[in-house]
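Sequential numbering from 146 applies to the sequence shown in our numbering.
All residues carry an ideal CB built from backbone N, CA and C; glycine is no exception.
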Amino acid sequence: MIDFMEQIMSQLRAMQTEAVDRGTLQINVTSSVNAFPVERAEISISYTGVPESTLEKIQTDSSGQTETIELAAPPEEWSLDIEEHRQPYSEYTLSIKAPGFEPVNVAGTEILANVKAIQNIQMKPADASGEEDQVFVIPAHTLYGDYPPKIAEAEIKPVTETGEIVLSRVVVPEYIVVHDGSPRDSTATNYYVKYKDYIKNVASSEIYATWPENTIRANVLAIMSFTLNRVYTEWYRNKGYDFTITSSTAFDHKWIPERNIFDSISVIVDELFADYLSRPNVRQPILTQYCDGRRVSCPNWLTQWGSKALGDQGLTAIEILRYYYGDDMYINTAQEISGIPSSWPGYTLEQGASGEKVLQMQEQLRVISEAYPAIPKVEADGIYGPATAQAVEKFQSVFGLPVTGTVDYSTWYKISEIYVGVSRIAELV
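Rendered as structure tokens:
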């Protein structure tokens with residue numbers, strides 16, 4: 146037994162030092178109670194399957210973040226080739242401990258070559274109950290594992306049935322309720338999940354983050370439109386359930402508690418999160434169904450591997466979507482976004498700008514800086530000067546946005562999101 150373990154360890158060490166590719170990982174730790182960062186959390190990283198062999202020990206800073214570290218990963222080509230059947234990502238186990246919080250263990254954090262993985266962790270404050278450590282085991286990616294295919298539905302839902310509740314307009318919700326199982330599984334847990342976090346989780350579970358940018362965009366738009374159709378039509382609540390959507394691939398998308406996401410997906414979701422897909426004279430978002438296109442075929446639906454090939458050919462996101470769903474599909478934008486103090490002004494704020502929108506943004510940054518001291522405090526004077534630009538740059542760096550020092554659509558809504566979290570304006574009822 147000892148010889149066998151030594152052999153495994155030798156192989157793992159060789160992988161760590163000789164793997165042809167590497168990915169990166171950053172871990173962000175916050176309190177589940179107030180969304181404040183958890184400083185000095187200690188994280189041990191090991192290979193999944195050999196958790197007793199620690200590869201790295203790192204600690205979070207005042208923003209609740211670790212440094213970005215490199216970890217071994219299989220060749221990038223494995224995630225790009227439809228004919229490749231080897232697992233294209235490596236798996237790591239994380240053990241997170243922090244004074245005053247219950248320990249968290251995550252087994253199966255995925256590392257893809259040449260992509261930054263982001264592992265967000267929410268820690269519960271410790272109490273006297275003596276509860277066991279929180280343990281999350283991340284199952285296989287949907288493109289690698291074996292999951293049931295989507296049960297076909299009509300892409301447009303009837304809205305005239307007696308008693309059916311349908312929203313009067315498309316609204317991007319702040320939270321959705323995810324049932325972690327099939328609809329009739331009464332033992333499955335319901336999770337309250339921020340809408341953007343849900344989309345990032347699903348996209349990271351359904352496609353590979355190494356794929357072309359426009360392929361990622363097309364798939365994200367399909368995922369968001371499908372989800373907003375469930376929200377708009379109150380699909381499950383009208384059937385007597387108390388949730389918005391499920392984590393079953395047979396009925397909806399794959400969503401996995403505490404799985405890591407990827408930066409290439411996160412940035413695109415932050416940019417597109419209010420968008421969905423429409424057809425002429427149809428108010429509701431289209432239920433855009435899809436399949437992998439390798440093990441399962443689905444005529445007239447998007448196929449994930451097929452969308453990757455079209456992205457390789459240089460097609461835009463809408464061209465990819467119309468290839469599958471038809472030329473009368475177009476991108477629409479929701480006019481209402483729940484849970485934000487103020488909507489984006491419609492133009493990018495930058496040095497030299499002034500007025501009420503600048504003042505609102507500065508006031509929100511000041512509140513955020515109380516929780517994230519690495520972000521410089523700014524004077525809320527309604528004037529976008531160099532100090533404000535510096536604070537915006539640091540905010541963008543901390544929250545994984547392109548560091549420009551200007552407040553575009555993505556940055557505005559990210560500031561609003563973090564402000565709401567740390568100021569506890571948004572309370573779940």
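Problem set entry | Reference Val543, options Ser327, Gly168 and Val174, closest by Cα | Residue Val174 is the option with its Cα nearest to Val543.
Exercise. With Asp166 and Asn259 assumed to form a contact (beta carbons below 8 Å), what rounded beta-carbon distance in angstroms separates them?
Worked result: Yes, they are in contact, since the Cβ atoms of Asp166 and Asn259 sit about 6 Å apart, within 8 Å.
Exercise. Using DSSP with H/G/I as helix, E/B as strand and the rest coil, what is Val340?
Worked result: Going by the sequence as given, residue 340 is Tyr instead of Val. In the displayed model, Tyr340 falls within a helix according to three-state DSSP.
Exercise. Nearest to Cys436 by CA position, among Glu403, Leu373 and Asn364, is which residue?
Worked result: Minimum Cα distance to Cys436 is reached at Asn364.
Exercise. Nearest to Thr556 by CA position, among Ser488, Ser207 and Thr394, is which residue?
Worked result: Answer by Cα proximity: Ser488.
Exercise. In this structure, does DSSP put Phe396 in helix, strand or coil?
Worked result: In the structure shown, Phe396 sits in coil (DSSP, three-state: anything other than H, G, I, E or B).
Exercise. Using 8 Å as the threshold, is the segment 445-463 in touch with the segment 506-521, meaning 3 or more CB pairs across them?
Worked result: The segment 445-463 vs the segment 506-521: no contact.
For this session: Go ahead and pull the three-state DSSP assignment for Phe544.
Result: In the three-state scheme derived from DSSP, where H, G and I count as helix and E and B as strand, Phe544 is classed as coil.
Exercise. Given a threshold of 16 other Cβ atoms within 10 Å of its Cβ, counted over all protein chains shown, does Ala299 qualify as buried or as exposed?
Worked result: Here Ala299 is exposed, its C-beta having fewer than 16 other C-beta atoms within 10 Å.
Exercise. To which residues does DSSP link Ala262 through a beta bridge?
Worked result: Ala262 is bridged by DSSP to Leu170 and Phe407.
For this session: Note down the Cα distance separating Tyr289 from Leu494, rounded to an integer number of angstroms.
Result: So the two alpha carbons sit approximately 43 Å from each other.
For this session: Reducing DSSP to helix, strand and coil, say where Ala159 ends up.
Result: Residue placement at Ala159 cannot be trusted, given a pLDDT of 49 that sits under 50; what the coordinates show is reported in the next sentence. It is helical.
Exercise. What are the start and end residues of the beta strand (DSSP E) that includes Phe181?
Worked result: Counting along the chain, no beta strand (DSSP E) covers Phe181, and no H or E run does either.
Exercise. Which same chain residues, not among the five before or five after Phe418, have their C-beta less than 6 Å away from its C-beta?
Worked result: Here the set comprises Lys341.
Problem set entry | Range covered by the beta strand (DSSP E) that runs through Asn477 | Following the DSSP letters along the chain, one finds Asn477 inside the beta strand (DSSP E) bounded by residues Tyr475 to Thr478.
Exercise. Roughly how many angstroms separate the alpha carbons of Asp325 and Glu501, rounded to a whole number?
Worked result: If I take the Cα positions, the gap works out to 42 Å.
Exercise. Is Gly456 helix, strand or coil when you go by DSSP?
Worked result: If DSSP states are grouped into helix, strand and coil, Gly456 belongs with the helices.
Exercise. Can you tell which of Tyr558, Met506, Ala367 and Thr394 has its C-alpha closest to the C-alpha of Tyr475?
Worked result: Of the candidates Tyr558, Met506, Ala367 and Thr394, the residue whose Cα lies closest to the Cα of Tyr475 is Ala367.
For this session: Look up Ile361 in the DSSP assignment and say whether it is helix, strand or coil.
Result: Three-state DSSP puts Ile361 in a helix.
Problem set entry | Given Asp415 as reference, the closest of Lys295, Leu216, Glu184 and Pro547 once Cα atoms are compared | Among Lys295, Leu216, Glu184 and Pro547, the Cα nearest to that of Asp415 belongs to Pro547.
Exercise. Just reading off the alpha helix (DSSP H) that Glu515 is part of, what are its end residues?
Worked result: In the DSSP assignment, Glu515 falls within the alpha helix (DSSP H) that extends over Glu501 to Ala516.
Exercise. Thinking just about the alpha-carbon of each residue, which of Ser561, Lys539 and Ser191 is nearest to the one in Pro490?
Worked result: Nearest option by C-alpha distance: Ser561.
Exercise. Is it right to say Glu481 is buried, meaning 16 or more other beta carbons lie within 10 angstroms of its own, or is it exposed?
Worked result: Residue environment: Glu481 is assigned as exposed (fewer than 16 neighbouring CB atoms within 10 Å of its CB, all protein chains considered).
Exercise. In whole angstroms, what separates the C-alpha of His230 from that of Tyr353?
Worked result: Using only the alpha carbons, I get a separation of about 14 Å.
Exercise. Beta carbon of Thr391, beta carbon of Val323: below 9 Å?
Worked result: Result yes, Cβ atoms of Thr391 and Val323 sit closer than 9 Å.
Exercise. Going by C-alpha distance, which of Glu184, Glu508 and Ala218 is nearest Tyr234?
Worked result: Closest option to Tyr234, Cα to Cα, is Ala218.
For this session: Answer with buried or exposed for Ala462, where buried requires no fewer than 16 other C-beta atoms within 10 angstroms of its C-beta.
Result: Buried, by the Cβ-count rule.
Problem set entry | For Ser349 and Asn405, the rounded distance between their alpha carbons | Rounded to the nearest whole angstrom, the CA to CA distance from Asn405 to Ser349 is 8 Å.
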